[in-house]
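In terms of UniProt numbering, the sequence shown opens at residue 1 and continues consecutively.
Below: the structure, in structure tokens.
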Amino acid sequence: MTDKASERGKGDKPKKTAGNDNAEGEGVREQPAGLLKNEKLVWDALAGSHEPLKAYEILDKLKEQGVRAPMTVYRALDGLEEKGHIHKLDGMNAFVLCNHEGPHMVQTFLVCERCSTVQELQVLAVEADIAPAVRAAAFDMHTARLEIKGNCNNCAAA
1 MTDKASERGK GDKPKKTAGN DNAEGEGVRE QPAGLLKNEK LVWDALAGSH EPLKAYEILD
61 KLKEQGVRAP MTVYRALDGL EEKGHIHKLD GMNAFVLCNH EGPHMVQTFL VCERCSTVQE
121 LQVLAVEADI APAVRAAAFD MHTARLEIKG NCNNCAAA
């Protein structure tokens, strides 16, 4: 799968996420205002990573800063996820930064199986197609995660 804008559908915008080195060179967004102390530490750990991180990997990175309890990391992850600043990748049981503003019901990720990079896509067409079906089923959807696995451009070329 290529990353050329001409080959993506309308509304499909790749965003750089921790663990993603996309060709468009978009940087990780700035740390959001209003975070609690431990949320800032966890956010910085994710921002400094080139791949998604599991909770215990985050804990290992934060031990130098005095964070010792796993619950501290889990609470910070919960807070960041509730605020929409990070996403959990269920298939990897790991976390990445969210790199686009505003609410989005369908979280879509490209996950490279070789190098573990993750690219977050904002695919508005998917949300537009799913929303009516969910309403018709009288279901109160909170969020949906779509993880598409394959090889990134760098790994596919290797």
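All C-beta atoms in this analysis are idealised placements derived from N, C-alpha and C, irrespective of residue type, glycine included.
With DSSP run on the structure shown, which of helix, strand or coil describes residue i?
i	result
residue 65	helix
residue 25	Any reading at residue 25 must be qualified, since the residue scores a pLDDT of 40, below 50, and its modelled position is unreliable; the value itself is stated next. Three-state DSSP puts residue 25 in coil, outside helix and strand.
residue 11	Interpretation of residue 11 is limited by its pLDDT of 42, a score under 50 that renders its predicted location unreliable; the figure taken from the coordinates is listed afterwards. Here residue 11 sits in coil by DSSP.
residue 30	coil
If I'm right that residue i touches residue j with Cβ under 8 angstroms, what's the distance once you round it to whole angstroms?
i	j	result
residue 54	residue 93	6 angstroms
residue 42	residue 80	6 angstroms
residue 108	residue 146	5 angstroms
residue 95	residue 77	6 angstroms
residue 85	residue 132	In fact, because the Cβ distance is near 29 angstroms, the residues do not count as touching under 8 angstroms.
residue 62	residue 73	7 angstroms
Could you spell out the range, first to last residue, of the beta strand (DSSP E) harbouring residue i?
i	result
residue 137	Residue 137 -> no beta strand (DSSP E), and no H or E assigned at all.
residue 157	No beta strand (DSSP E) contains residue 157, which is instead part of the alpha helix (DSSP H) from 153 to 157.
residue 120	118 to 123
residue 147	144 to 150
Grab me the residues of residue i's own chain with a C-beta within less than 6 angstroms of its C-beta, minus the 5 sequence neighbours each way, in chain order.
i	result
residue 87	96, 98 and 107
residue 152	112 and 117
residue 155	112, 114 and 115
residue 127	105 and 106
For residue i, which residues from the same chain have a beta carbon less than 7 angstroms from its beta carbon, with the 5 sequence-adjacent residues on both sides left out?
i	result
residue 149	111 and 113
residue 134	141
residue 143	105 and 107
residue 35	43
Might you give, ordered along the chain, the residues of its own chain that have their beta carbon closer than 8 angstroms to the beta carbon of residue i, omitting 5 neighbours on each side?
i	result
residue 75	38
Practice task
Counting only runs of 3+ residues fully inside the segment 32 to 115, write out the beta strand (DSSP E) ranges in chain order.
Solution key: 86 to 89, 94 to 97 and 106 to 112
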